[in-house]
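Structure first, then comments.
Residue numbers (the working numbering): 9 to 381.
Rendered as structure tokens:
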């Protein structure tokens, strides 16, 4: 839940037009594979019925071969129900996309609402307050629509991991289905476009702004208080030897110099480590998390102490800290706050919108591609 990635892509212009009542999204569920086994009822490849319950798709000589089709272009596979890909079942259809490196990506083409159900089920506990489940449903839908608009010309809109938001093959609990149904078609917008609805596990008491974490100012992603002290890792510690820390940083390409010292030289408005000096090198708290791993350094909201040959990190929160805190939303729901008020708290300035207002317009050059942890 703590993978972090940032890419600033070129602007993608999409043709404007109204979306349907339940538009589809394209989710990459397998990357750079040479073959997959597909199973389902009434399988169709490029709309032609295949008289077998199971088929193999593979790349041979740079060409995708599946059933009667051999192609260097994407191939669509459908079934009357779910399709199993190497034993894992997915709703909707599949697009098999050959890659220039002689492999293929497997993309699940799925209606938005079933996607939201599975994304929420992967990201939050089903026994949490219903208003927090509803808030997560709107956030998941909003993020999916944002990426659908931004990446409309690409083979897929979303990853199935925390690089986008998690997407599960497990059965969806009834309470989550109810939360998604209660908010059907609802998303958050700013200037008539879906917002970049990022979220994280817990904020350590105070969320971060998009500017302080990624250097991009988004008015609805501000630094604000978050009541998430009930999170299991609200406070955390991590200990590593000086030798192991130096080895990890040298492996990452840093030049540290002799007998490196460790010092926090700049903090952000929310108290997160903005710049950290280790010997002759300077890096951000986010970069240190990437180098040591998000499960070690759970957030950039930490203090660091060196005692003898050990480096001790004492921190709070889990994730990048921007947008909705899941544990904070849970606490607000327990206090009686409704889901729309929770969303207003974490995304100030964003407004409620429905799919009738949605269109595939560009989401703006300032919006980075971000993972959610």
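The C-beta atom is built at its ideal place from N, Cα and C for all residues, glycine as well. The structure displayed is predicted, hence computed values, not measured ones.
In three-state DSSP terms, what is residue i?
{"i": "residue 180", "result": "coil"}
{"i": "residue 252", "result": "helix"}
{"i": "residue 198", "result": "strand"}
{"i": "residue 244", "result": "strand"}
{"i": "residue 93", "result": "strand"}
{"i": "residue 132", "result": "coil"}
{"i": "residue 149", "result": "helix"}
{"i": "residue 104", "result": "strand"}
{"i": "residue 119", "result": "strand"}
{"i": "residue 203", "result": "coil"}
Can you give me the C-alpha to C-alpha distance between residue i and residue j, rounded to a whole angstrom?
{"i": "residue 341", "j": "residue 360", "result": "19 Å"}
{"i": "residue 324", "j": "residue 83", "result": "47 Å"}
{"i": "residue 271", "j": "residue 65", "result": "53 Å"}
{"i": "residue 293", "j": "residue 250", "result": "17 Å"}
{"i": "residue 112", "j": "residue 39", "result": "7 Å"}
{"i": "residue 262", "j": "residue 134", "result": "43 Å"}
{"i": "residue 393", "j": "residue 328", "result": "This structure cannot speak to residue 393, because the chain is shown only from 9 to 381."}
{"i": "residue 255", "j": "residue 319", "result": "13 Å"}
{"i": "residue 126", "j": "residue 119", "result": "11 Å"}
{"i": "residue 203", "j": "residue 81", "result": "32 Å"}
{"i": "residue 88", "j": "residue 97", "result": "13 Å"}
{"i": "residue 351", "j": "residue 233", "result": "14 Å"}
{"i": "residue 172", "j": "residue 193", "result": "20 Å"}
{"i": "residue 37", "j": "residue 116", "result": "7 Å"}
{"i": "residue 101", "j": "residue 264", "result": "51 Å"}
{"i": "residue 238", "j": "residue 331", "result": "18 Å"}
In or out: residue i buried (at least 16 other Cβ within 10 Å) or exposed?
{"i": "residue 57", "result": "exposed"}
{"i": "residue 142", "result": "buried"}
{"i": "residue 366", "result": "buried"}
{"i": "residue 321", "result": "buried"}
{"i": "residue 166", "result": "buried"}
{"i": "residue 362", "result": "exposed"}
{"i": "residue 277", "result": "exposed"}
{"i": "residue 200", "result": "exposed"}
{"i": "residue 353", "result": "buried"}
{"i": "residue 55", "result": "exposed"}
Who does residue i pair with in a DSSP beta bridge?
{"i": "residue 318", "result": "249 and 315"}
{"i": "residue 98", "result": "91"}
{"i": "residue 137", "result": "Note: residue 137 sits in no beta bridge, so no partner."}
{"i": "residue 53", "result": "56 and 85"}
{"i": "residue 286", "result": "270 and 289"}
Going by C-alpha distance, which of the options is nearest residue i?
{"i": "residue 79", "options": "87, 86, 88 and 68", "result": "68"}
{"i": "residue 93", "options": "49, 302 and 264", "result": "49"}
{"i": "residue 207", "options": "337, 189, 268 and 258", "result": "337"}
{"i": "residue 344", "options": "139, 181, 253 and 330", "result": "139"}
{"i": "residue 289", "options": "326, 268, 304 and 274", "result": "268"}
{"i": "residue 228", "options": "156, 45, 302 and 205", "result": "205"}
{"i": "residue 231", "options": "89, 356, 101 and 85", "result": "356"}
{"i": "residue 190", "options": "240, 31, 54 and 346", "result": "346"}
{"i": "residue 212", "options": "221, 186 and 280", "result": "280"}
{"i": "residue 32", "options": "164, 311, 176 and 221", "result": "164"}
{"i": "residue 103", "options": "298, 274 and 85", "result": "85"}
{"i": "residue 41", "options": "241, 106 and 301", "result": "106"}
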